[in-house]
Amino acid sequence: MAERPEVTNPPQQRQSEDRYDPQRIEEKWHARWQADPALFAAEPHSSKRKKYYVLEMLPYPSGALHMGHVRNYAIGDALARYMWMRGYNVLHPMGWDAFGLPAENAAIKNKVPPRKWTLQNIEHMKQQMKRLGFAYDWSREVTTCLPEYYRWNQWFFLKLYEKGLAYRKKSKVNWCPECATVLANEQVVGGMCWRHEETPVEQRELEQWFVRTTKYADELLRGLDQLEAWPEKVRTMQRNWIGRSEGALVDFKVEGPSGPAGDKITVFTTRIDTIYGATSIQLAPEHPLVADLVSADPDLGAKIEELAREQTRAREQDVVEAIEKHGVFTGRHAINPFNQEKVPIWVANYILMGYGTGAIMSVPAHDERDFEFAQKYGLEVRIVILPRRTGEPATSGEPESPMLPYTAMDSLLINSGEFSQLSNEEAIAKMTAFAEQHGFGKGTVTYRLKDWGISRQRYWGTPIPMVYCEKDGVVPVPEDQLPVLLPENVDITLQGGSPLGRVPEFVNAKCPKCGGPARRETDTMDTFVDSSWYFYRYTNAQLNDRPLDTATIDYWFPIDQYIGGVEHAILHLIYSRFWTRFMRDQGMVHNDEPATRLFTQGMVIKDGAKMSKSKGNVVSPDDMVAQFGADSTRMYSLFATSPDRELDWQEAGVEGVHRFLGRAYRFVMRHASTARVSAPRDGASPVSPKARNIQRKLHQTIRRVTEDFQGRWHFNTSVAAIMEFVNELYGAEDEIATGKFPPALLAEVQHKLVLLLAPFAPYLAAELWEAIGERDQLLRYPWPEYDPALAKEEEITYAVQINGKLRSHVAVAAECPEDTVRERVLADEKVKAAVEGKQIVKVIVVPGKLVNVVVR
RNA sequence: GCCGGGAUGGCGGAACUGGCAGACGCAGCGGACUUAAAAUCCGCAGGGCCGAAAGGCCUGUGGGGGUUCGAGUCCCCCUCUCGGCACCA
Numbered sequence: 098m099a100e101r102p103e104v105t106n107p108p109q110q111r112q113s114e115d116r117y118d119p120q121r122i123e124e125k126w127h128a129r130w131q132a133d134p135a136l137f138a139a140e141p142h143s144s145k146r147k148k149y150y151v152l153e154m155l156p157y158p159s160g161a162l163h164m165g166h167v168r169n170y171a172i173g174d175a176l177a178r179y180m181w182m183r184g185y186n187v188l189h190p191m192g193w194d195a196f197g198l199p200a201e202n203a204a205i206k207n208k209v210p211p212r213k214w215t216l217q218n219i220e221h222m223k224q225q226m227k228r229l230g231f232a233y234d235w236s237r238e239v240t241t242c243l244p245e246y247y248r249w250n251q252w253f254f255l256k257l258y259e260k261g262l263a264y265r266k267k268s269k270v271n272w273c274p275e276c277a278t279v280l281a282n283e284q285v286v287g288g289m290c291w292r293h294e295e296t297p298v299e300q301r302e303l304e305q306w307f308v309r310t311t312k313y314a315d316e317l318l319r320g321l322d323q324l325e326a327w328p329e330k331v332r333t334m335q336r337n338w339i340g341r342s343e344g345a346l347v348d349f350k351v352e353g354p355s356g357p358a359g360d361k362i363t364v365f366t367t368r369i370d371t372i373y374g375a376t377s378i379q380l381a382p383e384h385p386l387v388a389d390l391v392s393a394d395p396d397l398g399a400k401i402e403e404l405a406r407e408q409t410r411a412r413e414q415d416v417v418e419a420i421e422k423h424g425v426f427t428g429r430h431a432i433n434p435f436n437q438e439k440v441p442i443w444v445a446n447y448i449l450m451g452y453g454t455g456a457i458m459s460v461p462a463h464d465e466r467d468f469e470f471a472q473k474y475g476l477e478v479r480i481v482i483l484p485r486r487t488g489e490p491a492t493s494g495e496p497e498s499p500m501l502p503y504t505a506m507d508s509l510l511i512n513s514g515e516f517s518q519l520s521n522e523e524a525i526a527k528m529t530a531f532a533e534q535h536g537f538g539k540g541t542v543t544y545r546l547k548d549w550g551i552s553r554q555r556y557w558g559t560p561i562p563m564v565y566c567e568k569d570g571v572v573p574v575p576e577d578q579l580p581v582l583l584p585e586n587v588d589i590t591l592q593g594g595s596p597l598g599r600v601p602e603f604v605n606a607k608c609p610k611c612g613g614p615a616r617r618e619t620d621t622m623d624t625f626v627d628s629s630w631y632f633y634r635y636t637n638a639q640l641n642d643r644p645l646d647t648a649t650i651d652y653w654f655p656i657d658q659y660i661g662g663v664e665h666a667i668l669h670l671i672y673s674r675f676w677t678r679f680m681r682d683q684g685m686v687h688n689d690e691p692a693t694r695l696f697t698q699g700m701v702i703k704d705g706a707k708m709s710k711s712k713g714n715v716v717s718p719d720d721m722v723a724q725f726g727a728d729s730t731r732m733y734s735l736f737a738t739s740p741d742r743e744l745d746w747q748e749a750g751v752e753g754v755h756r757f758l759g760r761a762y763r764f765v766m767r768h769a770s771t772a773r774v775s776a777p778r779d780g781a782s783p784v785s786p787k788a789r790n791i792q793r794k795l796h797q798t799i800r801r802v803t804e805d806f807q808g809r810w811h812f813n814t815s816v817a818a819i820m821e822f823v824n825e826l827y828g829a830e831d832e833i834a835t836g837k838f839p840p841a842l843l844a845e846v847q848h849k850l851v852l853l854l855a856p857f858a859p860y861l862a863a864e865l866w867e868a869i870g871e872r873d874q875l876l877r878y879p880w881p882e883y884d885p886a887l888a889k890e891e892e893i894t895y896a897v898q899i900n901g902k903l904r905s906h907v908a909v910a911a912e913c914p915e916d917t918v919r920e921r922v923l924a925d926e927k928v929k930a931a932v933e934g935k936q937i938v939k940v941i942v943v944p945g946k947l948v949n950v951v952v953r
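The opening position of the first sequence corresponds to residue 98 in the working numbering, with each subsequent residue numbered one higher.
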């Protein structure tokens with residue numbers, strides 16, 4: 098660094114140096130940063146630098162940022178700035194998840210078109226983000242409600258359709274009467290709508306578009322094992338959601354006359370080894386065979402309808418507890434193919450049509466639910482497995498009567514024909530093979546994960562690019578006719594049916610095949626489609642002939658660090674992982690997963706409750722910025738606790754950070770002229786013990802902050818470390834004032850302090866950087882290195898314990914060998930007094946820390 | 001019920017692989033500066049007991065046991081709390 102001529106401050110500026118005035122500083126730099134959009138822009142993918150892609154989940158433009166956003170972005174921004182200073186080519190983009198129902202609700206309430214409402218909100222929130230000083234590359238901004246973006250949703254949809262991964266199906270779907278639209282399974286929470294916690298979801302039969310997420314079920318599951326840098330919690334949640342279970346399908350022949358639904362019942366079981374204990378078949382009330390079986394008896398039909406209603410009610414209960422089990426005997430029987438035994442066929446309210454085949458074999462002795470049911474209705478309980486006693490030959494020993502139901506897998510089969518005496522694992526394998534050989538069953542894998550229903554009967558979303566022709570049926574809109582534009586000036590109500598259906602100009606279309614009259618699809622896509630691939634678009638947001646460029650993506654992907662709320666652990670993150678795999682199989686990308694590292698930050702709460710308008714405990718970021726400045730607001734959100742934990746917002750805490758930034762500001766400003774004239778020399782030899790302390794503390798602080806970035810991300814301790822350092826600097830003011838303190842060291846301290854502050858308090862750092870005479874871009878300036886030798890203590894104070902109780906302290910030179918430490922400790926007056934007349938059993942020396950003298 | 005977090009001063013939280021519990025900040029108390037206040041700067045501070053003080057002793061990380069020279073940290077049992085899942089055969 099070259100020496101710089103001293104610049105004398107004009108008097109009016111001098112006055113402002115005493116007081117830390119965030120408004121003045123932040124407005125000044127805000128204006129400068131706005132004038133230079135290239136400042137936070139990523140270099141093109143031809144860059145020779147190593148890339149780093151840090152991404153925060155894009156917000157829904159609801160109107161204004163809340164503290165949860167601020168926290169999320171403060172974490173990402175600190176990381177982005179740190180990585181810039183580490184020399185990486187950083188991609189740090191931002192965008193808007195701009196389609197969705199709130200815009201329609203606002204339209205109804207305030208008579209503002211959704212588009213206008215959304216774009217206004219975006220404008221406002223973007224200004225908030227800029228005012229908070231987040232360093233985004235706005236040239237890559239993505240807004241999902243604009244045709245430039247959503248046309249590619251349509252394009253992807255056509256590709257999915259082409260590959261058979263998008264299909265249309267009439268099915269029972271989740272319907273929220275409040276939203277007046279269909280919901281995906283992932284959007285139903287405990288039987289309630291995810292947006293209306295009070296509103297039970299109804300089941301409706303509708304023609305819907307589905308995306309075949311189940312095609313990748315197994316890969317999505319296995320992929321989780323590789324995602325070691327994802328929170329275990331998220332991985333577990335996804336595993337449970339995908340819900341893979343291995344088992345077998347077994348056909349039971351129905352005795353007597355058969356109807357249109359066939360003459361057999363296929364059950365799914367994970368415990369084929371217990372099939373000799375099956376004493377009934379249980380069907381879901383909605384099972385297709387039920388109608389056939391009970392057609393003769395209207396009484397039965399009514400009872401079964403009641404069972405179906407009980408299931409629906411159970412789903413609607415908000416205290417989610419299993420309902421009481423009920424069932425009805427159909428009067429019919431089926432044949433167990435293993436032992437040719439006749440078993441009664443029942444219909445029960447605890448059997449779900451949506452899982453497996455909607456039919457089970459009931460084995461009361463070895464299944465909790467079947468046991469409970471059998472007890473109630475007096476069905477036979479037959480034991481076919483027994484606990485295997487350790488060390489005992491499999492064949493001997495009298496059968497110990499197990500506690501029923503006995504479900505463990507550590508047992509042996511009995512009463513199971515040729516399979517008796519096998520272990521569970523062996524039996525499952527052999528019996529599955531047996532069923533396959535004889536053509537009445539096979540091994541199979543079942544998932545809880547269902548295909549993704551993406552049709553929404555709403556206006557404000559991506560139109561599904563399909564038309565229905567009387568002659569040609571379902572016809573996709575050709576690629577070159579995209580986008581299918583979302584019409585404006587649409588009458589939006591929440592009274593049933595897609596609003597687009599009421600726009601004749603939209604609905605009436607020409608069939609792309611025959612040119613004849615056709616009707617357009619009037620449903621729109623679930624907005625989770627938009628967010629399933631937006632992060633790819635950032636790499637090349639301006640492309641207008643393709644959704645993305647593979648070579649660019651190869652450079653930037655996978656995302657190095659993705660940061661967002663845990664509430665997206667299932668929906669968004671499973672869909673994104675699915676989408677990535679689809680794209681990979683089309684050769685569009687070469688990565689399997691979208692993001693290598695995921696971080697889920699904790700919620701922001703206030704007074705022990707989640708911030709919400711209804712509770713009236715919302716703290717507005719704007720108010721905080723106006724009172725304390727953006728730097729203090731951001732830094733507090735990092736300082737209050739570690740980023741993964743819940744954050745209890747305390748305004749006094751923001752004030753405390755504000756005070757600290759003032760201290761840092763005043764220290765640097767007070768000695769800015771020294772920094773400007775003295776070339777800082779790294780590792781300049783200090784002349785006083787105090788100066789040496791400062792130097793050591795400087796290097797220790799750099800180490801602590803750097804390690805927090807590299808490791809645990811406990812930025813609360815990083816900030817604490819910088820605070821300690823500044824406190825230490827105030828302790829050296831006397832020497833600085835008297836000129837005892839080496840100016841070169843002071844200059845070094847000031848430079849590095851500013852660099853350490855840069856990721857957390859970017860405005861203040863920029864101001865101070867300029868004040869100490871630097872003109873280089875702070876963000877491109879290398880992050881300070883620490884010197885372990887300079888960070889090292891010369892003298893160590895050992896804690897001395899007698900029998901584990903702290904009794905004294907003994908200071909020795911750091912290099913002091915263990916034996917000498919021991920001698921010095923035993924020579925200590927307090928130690929001598931404490932061991933007086935006792936026998937020293939042993940002396941434990943923990944190098945650098947503590948000595949424990951054990952006496953008797 | 002199952003899975004996963006968490007419980008540390010008046011408050012938010014530190015203590016990373018077992019090694020001085022309470023870093024840092026807030027609130028509090030005392031002092032300096034000031035005509036005064038604010039701001040700022042300096043200092044004290046887990047609780048209890050003894051002492052004029054220096055200091056000393058006891059006690060303390062949700063509860064109960066254990067391992068260890070030594071436990072907030074490891075093991076067993078329990079309580080409370082926050083999330084997620086929940087008749088998935």
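Positions of the beta carbon are idealized from the N, C-alpha and C atoms, including for glycine. Keep in mind the model is a prediction, meaning the values are calculated, not measured.
The beta strand (DSSP E) enclosing residue i, as first and last residue numbers
i           : result
residue 573 : 570-573
residue 361 : 361-366
residue 899 : 892-899
residue 220 : It is not in any beta strand (DSSP E) - residue 220 instead sits in the alpha helix (DSSP H) that spans 211-228.
residue 534 : Residue 534 -> not in any beta strand (DSSP E); alpha helix (DSSP H) instead, spanning 521-534.
residue 206 : Run containing residue 206: none in the beta strand (DSSP E); it sits in the alpha helix (DSSP H), 198-207.
residue 261 : Per DSSP, residue 261 belongs to no beta strand (DSSP E) and is neither H nor E.
Same chain only: Cβ atoms within 7 Å of residue i, ignoring 5 sequence neighbours per side
i           : result
residue 640 : 646
residue 623 : 281, 551, 553
residue 936 : 952, 953
residue 339 : 314, 317, 318, 544, 545, 546
residue 938 : 951, 952, 953
residue 566 : 572, 608, 610, 611, 613, 615
Rounded distance between the beta-carbons of residue j and residue i, thought under 8 Å
i           : j           : result
residue 733 : residue 759 : Contact flag wrong, Cβ pair sits at about 14 Å.
residue 256 : residue 683 : 6 Å
residue 463 : residue 504 : 6 Å
residue 797 : residue 888 : 5 Å
residue 654 : residue 605 : Incorrect: roughly 42 Å between the Cβ atoms, too far for contact.
residue 201 : residue 556 : 6 Å
residue 239 : residue 635 : 6 Å
residue 668 : residue 603 : About 29 Å; that fails the 8 Å criterion.
residue 308 : residue 548 : 6 Å
Contacts around residue i, its chain only, beta-carbon distance under 6 Å, and the 5 residues preceding and following it disregarded
i           : result
residue 271 : 280, 285, 298
residue 416 : Caution is warranted here: a pLDDT of 42 is assigned to residue 416, below 50, making its placement in the model unreliable, and the coordinate value is therefore given only provisionally. The answer is none, since no qualifying residue turns up.
Residue interval of the alpha helix (DSSP H) (run including residue i)
i           : result
residue 126 : 119-131
residue 334 : 329-339
8 Å Cβ shell around residue i - same chain, five flanking residues per side excluded
i           : result
residue 765 : 772, 847, 850, 851, 865, 868, 869
residue 874 : 136
residue 879 : 182, 183, 184
Paired residues, beta bridge with residue i - DSSP
i           : result
residue 380 : 444, 456
residue 906 : 896
residue 482 : 510
To test your reading of the DSSP string, which unbroken alpha helix (DSSP H) runs of 4 or more residues are found completely within the stretch 418-478? 465-474
At 4 residues or longer, what runs of the alpha helix (DSSP H) sit wholly inside the stretch 164-191? 164-182
If you scan the stretch 633-718 from start to end, which runs of the beta strand (DSSP E) of 3 or more residues do you find wholly inside it? 658-662, 695-698, 701-703
As an exercise, report each continuous alpha helix (DSSP H) stretch of at least 4 residues that is fully enclosed by the stretch 785-858, in chain order. 786-807, 812-828, 830-834, 840-854
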